[in-house]
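Just so you know, we're using the numbering used here here: the sequence shown kicks off at 4 and counts up by one.
In this text, a Cβ means the ideal position worked out from N, Cα and C, and glycines have one as well.
Computed from a predicted structure; not experimentally measured.
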Amino acid sequence: MAQSANLHGDSNRTESVDLRCPDCGHTENCTSHAAAASLQTSKPCPNCNRMMALSEGSV
4 MAQSANLHGD
14 SNRTESVDLR
24 CPDCGHTENC
34 TSHAAAASLQ
44 TSKPCPNCNR
54 MMALSEGSV
């Protein structure tokens with residue numbers, strides 16, 4: 004039986020996820036979606052102190 008792709012999230016995903024400041028454009032690269040989501044709510048932009056937003060490329 005062939006394995007099906009997990010379209011609803013996989014803890015072993017390796018795609019790059021960026022956090023981007025909507026005001027000044029500063030970006031930070033995260034190695035996992037979980038890390039980015041955690042930082043999104045706890046770490047403001049170092050340049051303008053605004054909360055960062057998740058910015059994912061094509062999955």
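*asked:* Going by DSSP, what residue range makes up the alpha helix (DSSP H) through THR34?
replied: No alpha helix (DSSP H) holds THR34; DSSP gives it neither H nor E.
*Helix, strand or coil: which one does DSSP assign to SER45?*
helix
*For CYS27, does the count of other Cβ atoms within 10 angstroms reach 16, so buried, or fall short, so exposed?*
Exposed, by the Cβ-count rule.
*Taking the beta strand (DSSP E) that ASP26 falls in, what are its first and last residues?*
Segment: none, ASP26 is in no beta strand (DSSP E) and carries neither H nor E.
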